[in-house]
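J.:
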Amino acid sequence: GEVSVDRIEWQNKLAEMGYSLGAEYQGRGIVTACMCVLIDYAFDELKLNRVELRCAAENLKSRAVAERLGFTQEGELRESWLIHGRFVGQVVYGMLASEWSAGKSRV
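Take any residue in the sequence shown, note its place counting from 1, add 5, and you have its number in the working numbering.
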């Protein structure tokens, strides 16, 4: 599996991040723990103000990670990803530095 910073907009102080993990390793908190480290780095070291995640709308496990981390669902982009030959929607999540600082003890 992996966690990644897919894009940084320095002018806007935001990053888009992503994650994936093989099915046999899911449900162990691995992605959540790794994302906590990456988000801490983005806010504390890179001094970013915002982190965004995008999940396939039908991928409930991926969406649960975003929600467990405290991200806010901000919208859905209909049929915006082509996955395995069919279009699926993306759910967009956002987190601000101030929200992460206030709530990260809950993760």
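Ideal Cβ placement from N, Cα and C applies to all residues, glycine included.
Buried or exposed: W15, going by 16 or more other Cβ atoms within 10 Å of its Cβ?
T.: Here residue 15 refers to the residue found at position 10 when the sequence shown is read from its first residue. By the neighbour-count rule (16 or more Cβ atoms within 10 Å), W15 is not buried but exposed.
J.: Starting from R73 and walking both ways along the alpha helix (DSSP H), at which residues does that stretch end?
T.: The sequence position of residue 73 within the sequence shown is 68, counting from 1. Looking at the DSSP string, the run of the alpha helix (DSSP H) that includes R73 is 65 to 73.
J.: Return the Cβ separation of Q78 and V93 in integer angstroms, given the expectation that the two are a contact with Cβ distance under 8 Å.
T.: For the purposes of this step, residue 78 is taken as residue 73 along the sequence shown, with counting starting at 1. For the purposes of this step, residue 93 is taken as residue 88 along the sequence shown, with counting starting at 1. Between V93 and Q78 the Cβ distance is about 16 Å, and since that is not below 8 Å, they are no contact.
J.: How far does the alpha helix (DSSP H) with G80 in it extend, from its first residue to its last?
T.: On the sequence shown, position 75 is the one that residue 80 refers to. It is not in any alpha helix (DSSP H) - G80 instead sits in the beta strand (DSSP E) that spans 77 to 88.
J.: So if DSSP puts A20 in a beta bridge, which residue, or which two residues, is it bridged to?
T.: Along the sequence shown, read from residue 1 onward, the residue named residue 20 stands at position 15. Looking at the DSSP assignment, A20 forms a beta bridge with I13, V56.
J.: Am I right that Y24 and V8 are in contact with their C-beta atoms under 8 Å? What's the rounded C-beta distance?
T.: Here the question's residue 24 lines up with position 19 in the sequence shown. Here the question's residue 8 lines up with position 3 in the sequence shown. Indeed, because the Cβ distance is near 5 Å, the residues count as touching under 8 Å.
J.: Looking at the secondary structure, which residues open and close the beta strand (DSSP E) in which L101 lies?
T.: Taking the first residue of the sequence shown as 1, we reach residue 101 at position 96. Run containing L101: 91 to 101, per the beta strand (DSSP E) assignment.
J.: Suppose the cutoff is 8 Å on Cβ atoms and the five residues either side in sequence are ignored; what does the same chain contact list for L19 look like?
T.: As a working mapping, residue 19 is identified with position 14 in the sequence shown. Result list for L19: I13, L53, N54, R55, V56, E57, in chain order.
J.: According to the neighbour-count rule (16 or more other Cβ atoms, all chains shown, within 10 Å of its Cβ), is R59 buried or exposed?
T.: The residue you call residue 59 lines up with position 54 of the sequence shown. Label assigned to R59: buried.
J.: Could you tell me whether the Cβ atoms of Y98 and F76 are closer together than 7 Å?
T.: Residue numbering aside, residue 98 sits at position 93 when the sequence shown is read from its first letter. Residue numbering aside, residue 76 sits at position 71 when the sequence shown is read from its first letter. It is a contact, given that the beta carbons lie within the stated cut-off.
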